[in-house]
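Each position in the sequence shown, counted from 1, maps to that position plus 27 in the working numbering.
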Amino acid sequence: MKKELNTNEFIQIILSICDNVEKEKDYLSELDRATGDGDHGVTMSIGWSAVKEKITTLEDNLTFDKICMQIASSFLSAVGASAGPLYATALMRGGAKLKDLSVINSSHISDFFQAAANGIQDRGKANLGDKTMLDVWLPTAEKIKETSNNTEDIIEILEKGSHAANESMLSTKEMLSKKGRSSKLGERSKGHIDPGAASSALIFKTFHEAVQNL
Numbered sequence: 028m029k030k031e032l033n034t035n036e037f038i039q040i041i042l043s044i045c046d047n048v049e050k051e052k053d054y055l056s057e058l059d060r061a062t063g064d065g066d067h068g069v070t071m072s073i074g075w076s077a078v079k080e081k082i083t084t085l086e087d088n089l090t091f092d093k094i095c096m097q098i099a100s101s102f103l104s105a106v107g108a109s110a111g112p113l114y115a116t117a118l119m120r121g122g123a124k125l126k127d128l129s130v131i132n133s134s135h136i137s138d139f140f141q142a143a144a145n146g147i148q149d150r151g152k153a154n155l156g157d158k159t160m161l162d163v164w165l166p167t168a169e170k171i172k173e174t175s176n177n178t179e180d181i182i183e184i185l186e187k188g189s190h191a192a193n194e195s196m197l198s199t200k201e202m203l204s205k206k207g208r209s210s211k212l213g214e215r216s217k218g219h220i221d222p223g224a225a226s227s228a229l230i231f232k233t234f235h236e237a238v239q240n241l
């Protein structure tokens with residue numbers, strides 16, 4: 028059982044996310060070619076590569092909120108497209124819930140993901156069922172919150188979250204797109220997993236696996 032997470036461990040998790048996004052960038056772009064510009068993997072790679080570069084220059088002993096602010100800024104500077112503001116908002120909103128903390132517990136993690144998901148919704152103006160990354164973030168944050176009410180084990184909480192994220196990602200396949208370029212396809216947007224949902228599920232999967240391997 029793991030009840031706490033410190034900032035050094037959080038940095039290792041973020042680095043794992045950066046590496047896994049890079050590994051999966053071609054797959055993410057392939058998904059995007061079915062309904063969009065075909066560049067989602069490249070966009071995510073650029074953003075998380077900038078985060079990785081930033082992390083190597085961070086000052087020592089930064090609190091969670093300061094780390095989140097720094098990586099949000101680097102992601103936004105690297106990615107001007109919609110993914111940039113969405114992830115920057117998620118990181119800043121989530122980080123604000125961890126103000127001045129160097130160690131967090133299950134309750135803090137729940138607050139982080141809840142605030143991040145709400146930030147994505149506020150920024151993107153999407154709703155559940157619109158076939159976007161929000162279709163992963165909202166239900167996953169809710170599952171993490173629900174699980175954290177029953178256990179203090181961060182690994183179990185993130186495992187349940189990762190499972191919910193994967194199911195939510197798969198559910199986007201039969202959704203009708205209502206946002207972005209893919210919304211112009213109408214019924215033809217059905218039958219394809221949303222690439223933003225796929226990259227979001229990858230992040231939750233990596234977060235869980237990275238904590239498990241600490």
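Ideal Cβ placement from N, Cα and C applies to all residues, glycine included.
So residue i and residue j are supposed to be a Cβ contact under 8 angstroms. How far apart are they, rounded?
i, j, result
"A192", "A228", "4 angstroms"
"F102", "A77", "6 angstroms"
"G74", "V106", "4 angstroms"
"L42", "I131", "Contact flag wrong, Cβ pair sits at about 18 angstroms."
Quick one, are the C-beta atoms of residue i and residue j less than 9 angstroms apart?
i, j, result
"T159", "D221", "yes"
"F140", "K172", "yes"
"M202", "D157", "yes"
"I40", "T174", "no"
"S109", "G146", "no"
"S198", "T167", "no"
"K30", "D180", "yes"
"I184", "S137", "yes"
"L85", "Q97", "yes"
Take the Cβ of residue i as the centre, count every other Cβ of all protein chains shown within 10 Å, and call the residue buried at 16 or more, exposed below.
i, result
"N240", "exposed"
"E51", "buried"
"D162", "buried"
"S56", "buried"
Quiz item: Taking three-plus beta-carbon pairs below 8 angstroms as touching, is the stretch 92–105 in contact with the stretch 48–66?
Solution: In short, these stretches do not touch, since the Cβ pair count stays below three.
Quiz item: In chain order, which continuous runs of the alpha helix (DSSP H) of length 4 or greater are located wholly inside the stretch 74–123?
Solution: Runs of the alpha helix (DSSP H) lying entirely within the stretch 74–123, each at least 4 residues long, are 91–105, 110–123 in chain order.
Self-check item: 4-residue-minimum alpha helix (DSSP H) runs that sit fully inside the stretch 143–192, ordered along the chain
Solution: Taking only runs of at least 4 residues, the alpha helix (DSSP H) segments lying wholly in the stretch 143–192 are 161–175.
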